[in-house]
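Student: Quick mapping for you: the protein sequence lines, in order, are chains A and B. Everything in the first sequence is counted per our numbering, starting at 13 for the first residue and increasing by one. Everything in the second sequence is counted per our numbering, starting at 13 for the first residue and increasing by one. Think of the CB as a built atom: it goes at the ideal place given N, C-alpha and C, for glycine as much as any other residue. Everything numeric in this text was worked out from a predicted model, so none of it was measured. Below you'll find the structure I mean.
Number of protein chains: 2
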Amino acid sequence: MRIRLIASAALLFASHAVAQPQHGLNLMPMPTSVEHGVGRLAVDQSFSVAIAGFKDARLERGIDRFIADLSRQTGMFLKQKPVDSPTPTLLIHAVYGRDRVQSLSEDESYELVISESGAKLTPPSPLGVLHGLQTFLQLVETTTNGFAVPVVTIKDRPRFPWRGLLIDVGRHFIPLDVLKRNLDGMAAVKMNVLHWHLYDNEGFRVESKRFPRLQEVGSDGLYYTQAEIREFVAYAHDRGIRVVPEFEMPGHSRSLLVGYPELASAPGPYKVEPGGADAVMDPTRQETYKFIDKLIEEMARLFPDDYFHIGGDEVNGSQWDANSKIQAFIHSHGMKSNQDLQAYFNQRLQKILSKHHKIMMGWDEVMHPDLPKSVVVQSWRGQQSLAIAAQQGYSSLLSFGYYLDLMWLASRHYAVDPMSGAAASLNPEEKSRILGGEACMWSEWVTPENIDSRIWPRNAAIAERLWSSPEVQDLGSMYARLDKLSRRLEWLGLTHRSFMAPAFYRMAGTNDIFALRTLAEVVEPVKDYTRMNSLKTVWDFRGPMNRLVDIARPESDQARRLRDAVQTYIGSGYKDKAAEGEIRTRLAAWRDNDARLHPLLEQSFLLNELAPLSEDLSTLAAAGLLALEYLDKSTPSPSSWRAQQLALVERAKTPKADLLLMVVEPVQQLIERSEGQPQKP
Amino acid sequence: MRIRLIASAALLFASHAVAQPQHGLNLMPMPTSVEHGVGRLAVDQSFSVAIAGFKDARLERGIDRFIADLSRQTGMFLKQKPVDSPTPTLLIHAVYGRDRVQSLSEDESYELVISESGAKLTPPSPLGVLHGLQTFLQLVETTTNGFAVPVVTIKDRPRFPWRGLLIDVGRHFIPLDVLKRNLDGMAAVKMNVLHWHLYDNEGFRVESKRFPRLQEVGSDGLYYTQAEIREFVAYAHDRGIRVVPEFEMPGHSRSLLVGYPELASAPGPYKVEPGGADAVMDPTRQETYKFIDKLIEEMARLFPDDYFHIGGDEVNGSQWDANSKIQAFIHSHGMKSNQDLQAYFNQRLQKILSKHHKIMMGWDEVMHPDLPKSVVVQSWRGQQSLAIAAQQGYSSLLSFGYYLDLMWLASRHYAVDPMSGAAASLNPEEKSRILGGEACMWSEWVTPENIDSRIWPRNAAIAERLWSSPEVQDLGSMYARLDKLSRRLEWLGLTHRSFMAPAFYRMAGTNDIFALRTLAEVVEPVKDYTRMNSLKTVWDFRGPMNRLVDIARPESDQARRLRDAVQTYIGSGYKDKAAEGEIRTRLAAWRDNDARLHPLLEQSFLLNELAPLSEDLSTLAAAGLLALEYLDKSTPSPSSWRAQQLALVERAKTPKADLLLMVVEPVQQLIERSEGQPQKP
């Protein structure tokens with residue numbers, strides 16, 4: 013699932029206007045309804061949990077985890093196990109149990125009532141218990157008297173039943189411990205599907221006992237054993253997360269064909285190394301379906317979920333065009349195109365999946381009049397195709413707008429709503445076919461080291477979009493809560509914040525990384541497919557990933573804060589002294605940073621490329637400070653000075669070392685405003 | 013192993029004088045010999061390892077780990093496996109294999125020769141391979157052209173064969189993943205023994221199949237299963253680390269007696285909860301030895317190491333005194349004291365251990381004329397007892413001076429040499445009985461969250477003392493290398509640095525933790541047993557561990573840097589402008605910190621107690637700045653002002669919130685010096 017086109021930005025501007033309840037609680041995703049009371053319930057060492065109603069080992073494990081999480085979060089040693097008490101701090105009462113295999117239709121709602129004397133969590137099902145416990149954890153505050161949760165009544169249920177995260181382990185292998193901590197993060201924001209993109213051209217990551225050459229020659233030795241997968245799926249299930257496997261066919265499957273070249277549409281041989289052919293399976297041969305049948309039989313047992321993703325995107329027709337037997341097949345079967353051939357392939361695939369009790373899923377290219385409507389369509393190409401799928405009767409999911417690898421800001425993902433755009437004009441029945449969406453973490457530029465930082469915290473904004481009411485839109489509130497959440501996620505072992513210091517240390521080769529960090533905090537990796545497109549020849553992702561572009565966060569908090577302060581300052585007619593002071597402090601630090609960073613830049617091959625960027629930062633900051641002087645004194649800046657500075661601004665807009673300097677735009681505003689005719693924004 | 017007495021500081025001042033080779037390499041522990049060449053060997057993506065000579069699965073796993081570590085350290089995707097090439101980047105040639113059970117006498121030496129065209133690691137045994145690979149990792153530098161290692165010839169072997177770290181999992185349970193990352197840290201500094209203090213009064217942490225009540229009622233449910241222990245011991249063995257279990261007898265064993273009170277010297281019942289009796293086993297009953305025999309038989313199989321520690325320290329005689337049957341036994345057997353009874357117990361214990369092919373170890377109280385010389389004595393009470401043990405013919409180990417829980421500075425541990433003090437006057441044969449030493453991490457104030465920060469980086473200074481030549485003494489070099497090492501350890505997953513931010517966030521309940529961090533960086537927890545002694549009634553360690561004293565690092569780098577700068581400034585006759593500038597910058601930031609921190613302090617029950625400390629810091633910093641003014645202008649400060657400031661200094665010396673403000677002493681120096689008669693230091 014990969015595209016070279018730049019996604020259209022047209023649909024993706026944020027909507028700021030819609031109001032929402034401002035209850036001041038740091039909850040993410042925002043619950044359906046929150047009724048605020050007065051007072052607090054203390055959370056101290058006497059904290060206890062009791063279970064009434066339904067109870068099983070899985071529920072008990074969930075509660076054990078909750079107690080451990082609460083212990084970690086508060087630094088208190090709490091009672092390890094639920095107690096048998098009529099007056100526990102938290103009483104949990106679920107009505108019925110869970111299916112052996114978590115289903116799409118399972119009730120996830122819960123009600124959490126907190127009074128000064130105790131809390132009650134009463135969901136119908138254990139899934140609601142898990143969600144309610146996450147809400148409880150987010151409610152715990154550090155107060156003047158101790159830890160506490162506010163008196164509150166929360167009723168909550170998800171807007172969409174399918175709230176997923178795709179992780180691609182094909183391009184770069186991601187070890188299970190890294191995936192597990194990300195499952196913990198998903199559970200914290202109430203996401204319920206891990207879409208496991210298990211292989212791609214670059215590597216096959218699942219052990220097959222039936223076809224061992226899949227992992228043996230189709231990978232670099234890095235894959236998951238079946239025992240590991242079983243344990244991982246159980247880990248996810250414990251956390252209320254379904255695992256939907258993706259087995260890409262007929263394209264994106266070079267690694268599968270390395271060991272079984274006879275299934276390909278051209279002779280081979282194939283290698284997992286980059287630069288090889290963009291191989292496609294041959295849908296005209298019986299052997300292909302025999303192989304797929306056996307593979308799916310084996311994998312259907314390994315992955316208990318009802319759904320099974322077969323990819324189906326970006327099929328490169330060149331191998332089919334070049335194969336006369338395949339072309340003859342197309343004609344003899346009355347097909348008009350390669351698309352028809354793929355539809356034929358998908359139909360047969362669907363029957364195989366159905367035989368093994370699986371519901372087929374595919375990317376939006378699989379849509380075809382011949383395909384049964386039971387197939388679930390995942391839209392990556394646009395909101396248009398999502399609407400079409402729903403119109404045609406397919407259940408569908410949105411991923412367009414949720415690609416984490418494109419390095420968009422959280423606000424941009426947040427503005428993408430599965431029901432907006434083309435879907436807005438669907439009728440209710442059509443709308444009901446839209447199941448939700450999935451964030452996608454494609455791993456071309458992702459390693460076990462930086463993956464957490466690519467997923468978090470931005471993924472939480474998508475999780476909120478898929479869980480909360482569409483009216484929840486306020487960006488100020490979203491960022492405030494995201495910031496809190498981001499820190500909370502560290503208690504789960506996620507390294508999206510902590511991974512940076514060791515990486516800076518590697519880059520600098522010295523302990524004084526202050527100036528490097530300062531620069532790193534105001535840059536962002538280039539967006540969309542700019543970095544991919546800059547690859548000169550073949551797409552090869554095996555190179556080192558130790559440059560600042562691999563470490564810098566997709567979204568600069570510092571730049572956002574500068575933007576906000578500049579907005580406030582301009583909005584106040586240059587009178588807001590607090591905002592001015594904040595701008596001044598930031599700009600002064602950046603102005604002086606290059607002098608501090610420069611000696612480092614010269615010592616390290618990894619920092620060398622940052623010299624122009626560091627210079628730009630200091631130059632711009634100095635210009636911004638001068639502009640501020642003019643504005644402060646209400647003296648118009650000389651136009652020649654402005655022209656000169658704006659030329660610098662333009663220069664600073666060019667990406668350098670695959671990085672964007674994110675303070676350019678607010679500084680530009682200051683310079684432009686210093687012309688001396690204060691305008692209302 | 014615990015003491016209420018303040019350890020004598022007499023032996024423990026640092027020796028600064030001894031010279032050492034200054035080759036400028038960031039190696040820790042310092043190798044035996046380093047011959048510096050010219051040039052470098054590049055470490056890039058073509059990096060490869062080949063194995064000649066001896067080869068087995070364990071060695072190959074070690075090399076796989078090395079490649080993974082090097083990949084992580086450099087951010088490069090390196091070849092996963094050793095290659096079959098005559099010209100690899102690194103050729104490893106071991107002569108012979110390892111024993112199934114790692115022995116004390118195994119050769120750990122290695123030779124590492126790096127030229128511009130390749131590196132050769134030629135140790136006799138795989139243990140040397142592991143050590144040499146760690147040295148190689150430490151040699152990798154970030155240069156202007158890429159990663160590289162310098163051309164160098166290193167010959168290295170340890171000074172002592174026993175270089176251990178004790179971790180107490182009795183007081184607070186430490187999960188295996190935390191222990192494992194600490195094993196990785198130990199391997200990085202070439203330590204080779206984990207002394208696993210498996211239980212204490214507060215909890216029994218090993219599963220016994222024979223006596224399941226040990227873990228079932230003797231713990232809070234937190235213990236290691238036998239399968240986990242086997243896997244853990246294998247993990248350690250892979251890293252060249254022996255695991256020596258400690259089963260405390262006859263004292264410090266309340267948790268053992270909870271399930272088996274019939275073994276105690278008083279009727280019981282016993283509980284793991286604090287406040288219970290300081291129970292001691294009854295050495296006069298046959299049943300006691302039958303139980304021990306069976307338990308040791310079971311545990312001897314679980315822990316393959318030759319050595320088995322039986323504790324034997326701090327036996328509280330009160331239960332024996334109060335038991336007339338025991339007193340009668342003492343008299344009827346011609347014993348003179350409880351000590352004699354314990355010696356009798358130890359003799360019988362030793363026979364049981366011997367039957368199960370184990371060498372007995374015990375704390376220094378076990379020494380007694382009746383005890384065979386095969387027993388290994390571990391000195392915790394002083395260097396005197398180490399010398400006595402060696403004189404009497406016992407093999408012995410030093411732990412006195414290496415207690416990490418006492419919150420000493422690294423320099424203070426570093427100054428403790430097993431061969432110094434009383435041991436200095438031993439004859440060569442006696443000296444040869446001193447096997448080495450062990451750092452001790454007692455866990456009264458330790459949790460899975462903060463344990464890494466209590467062990468690292470200080471433990472590395474002890475590791476160097478036990479590995480390197482006694483001439484390696486320079487504190488400047490030690491701290492420079494320790495600082496580098498501390499950052500490298502993060503690549504192994506140790507959280508001694510990264511755990512602080514989430515903890516500050518918990519304390520503050522807000523994202524702006526800058527001022528809190530500033531304060532935290534200049535304080536240290538109170539030393540020795542001050543915190544323990546401040547416990548009013550019983551020793552209860554189950555309370556929350558979320559105060560700053562639980563988070564602040566045992567050694568303040570910021571305070572050390574201020575001390576160094578003040579030393580330099582005074583030493584220069586107040587002329588060194590760089591030092592003066594550094595002092596000024598630090599003091600100015602601290603002076604302004606209280607204003608910034610104050611609003612936070614009022615919002616959180618965890619920060620409240622820090623108000624006086626924060627005030628002291630700002631007041632002192634302001635005084636220091638004024639003193640600096642006087643010194644800078646060569647104007648004597650008014651004596652009334654000085655008196656006033658020195659009164660503040662005295663006030664600031666009192667611990668607050670169990671914390672010491674570590675900048676007091678250098679500020680005091682500045683104030684005193686501002687009297688105006690510059691003295692040579």
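1. Kindly confirm or deny that the region 154–166 of chain A and the region 430–443 of chain A touch, where touching means at least three C-beta pairs closer than 8 Å.
2. Tell me A/Ser-391's beta-bridge partners as DSSP assigns them.
3. Keeping to the same chain, check which residues put their C-beta closer than 6 Å to that of B/Glu-442; ignore five residues upstream and five downstream.
4. Can you name the residues of chain B whose CB is closer than 8 Å to the CB of A/Pro-556?
5. Compare the beta carbon distance of B/Pro-257 and B/Val-218 with 9 Å and say whether it is the shorter of the two.
6. Relative to the C-alpha of B/Leu-177, which residue among B/Ser-115, B/Gln-150, B/Trp-208 is closest?
7. If the cut-off is 8 Å on Cβ atoms, which residues from the region 513–540 of chain A count as contacting chain B, listed in chain order?
8. Should B/Pro-33 be flagged as near chain A, meaning a C-beta pair shorter than 9 Å?
9. Suppose you measure from the CA of A/Asp-588 to the CA of A/Thr-580; what does that come to, to the nearest Å?
10. Would you kindly check if the distance between the Cβ of B/Pro-624 and the Cβ of B/Lys-668 is under 9 Å?
11. Which residue's Cα is closest to the Cα of B/Asp-644: B/Thr-666, B/Ser-616, B/Gly-593?
12. Please check the pair A/Glu-456 and A/Arg-266, which I expect to be a contact at CB under 8 Å, by giving their CB distance rounded to whole angstroms.
13. Does DSSP classify A/Val-141 as helix, strand or coil?
14. CB-CB under 8 Å to A/Asp-524, same chain, minus the five flanking residues each way: which ones, in chain order?
15. Would the region 122–135 of chain B count as touching the region 99–109 of chain B if we require 3 or more Cβ pairs under 8 Å?
16. With H, G and I counted as helix, E and B as strand and the rest as coil, what does DSSP make of B/Glu-72?
17. By the DSSP assignment, the alpha helix (DSSP H) with B/Leu-353 in it spans what residues?
18. Does B/Glu-377 pass the burial test, meaning 16 or more other C-beta atoms within 10 Å, or should it be called exposed?
19. Determine the DSSP secondary structure at B/Trp-602, reduced to helix, strand or coil.
20. In the DSSP assignment, find the unbroken alpha helix (DSSP H) run with B/Leu-622 in it and report its ends.
21. Does DSSP classify A/Gly-271 as helix, strand or coil?
22. Please determine, among B/Ile-595, B/Glu-627, B/Met-512, the residue with the shortest C-alpha to C-alpha distance to B/Asp-604.
23. Label A/Gln-34 either buried or exposed according to how many other C-beta atoms from any shown protein chain fall within 10 Å of its C-beta, with 16 as the threshold for buried.
24. Going by beta carbon distance, what residues of the same chain come within less than 6 Å of A/Asp-464, once the five residues before and after it are set aside?
25. With burial defined as no fewer than 16 other Cβ atoms inside 10 Å of the residue's Cβ, what is the status of B/Ser-366: buried or exposed?
26. Who are the near neighbours of A/Val-388 in its chain, counting only those whose CB is closer than 8 Å to its CB and skipping five residues on each side?
27. Report the partner residues of B/Ala-106 according to the DSSP bridge assignment.
28. Helix, strand or coil for B/Val-311? Go by DSSP, reduced to three states.
29. Using a beta-carbon distance below 9 Å, is B/Leu-151 in contact with chain A?
30. Considering only the beta carbon of each residue, do B/Tyr-235 and B/Phe-244 sit closer than 9 Å?
31. Shorter than 9 Å from the beta carbon of B/Arg-509 to some beta carbon of chain A?
32. Under three-state DSSP, which class holds A/Glu-677?
33. Can you find a C-beta in chain A that's less than 9 Å from the C-beta of B/Leu-17?
34. Say whether chain B places a C-beta atom closer than 9 Å to the C-beta of A/Arg-499.
35. Residues of chain B with a CB under 9 Å from the CB of A/Phe-617: which are they?
36. Pick out whichever of A/Gln-615, A/Leu-188, A/Ala-312 has its Cα sitting closest to the Cα of A/Ala-113.
Tutor: Well, looking at it:
1. no
2. A/Leu-410
3. Ala-402, Gln-403
4. Gln-57, Thr-86, Gly-87, Met-88, Phe-89
5. yes
6. B/Trp-208
7. Ala-513, Pro-514, Ala-515, Tyr-517, Arg-518, Met-519, Ala-520, Gly-521, Asn-523
8. Reliability fails at B/Pro-33, whose pLDDT of 43 lies under 50, so the model's placement of it is uncertain and the value that follows must be treated cautiously. Taking Cβ atoms only, chain A never reaches closer than 9 Å to B/Pro-33, which makes this a no.
9. 7 Å
10. yes
11. B/Gly-593
12. Rounded, the Cβ-Cβ distance is 15 Å, inconsistent with contact.
13. helix
14. Leu-612
15. yes
16. helix
17. 350–367
18. buried
19. helix
20. First-last for B/Leu-622: undefined, no H or E at that position.
21. helix
22. B/Glu-627
23. A caution first: A/Gln-34 carries a pLDDT of 49, below 50, which makes its placement in the model unreliable, though a value can still be read off. That one is exposed.
24. Leu-506, Thr-507, His-508
25. exposed
26. Tyr-319, Ile-371, Met-372, Met-373, Gly-374, Tyr-406, Ser-407, Ser-408, Leu-409, Leu-447
27. B/Gly-65
28. The identity of residue 311 of chain B in the sequence shown is Met, whereas the question assumes Val. Reduced to three states, the DSSP call for B/Met-311 is helix.
29. no
30. no
31. yes
32. helix
33. Residue placement at B/Leu-17 is flagged as unreliable, the pLDDT there being 36, under the threshold of 50; a coordinate-derived value is accordingly withheld.
34. yes
35. Thr-154, Thr-155, Thr-156, Asn-157, Gly-158, Phe-159
36. Here the sequence assigns Val to residue 113 of chain A, which means Ala is not the residue at that position. For the residues A/Gln-615, A/Leu-188, A/Ala-312, the minimum Cα distance to A/Val-113 belongs to A/Ala-312.
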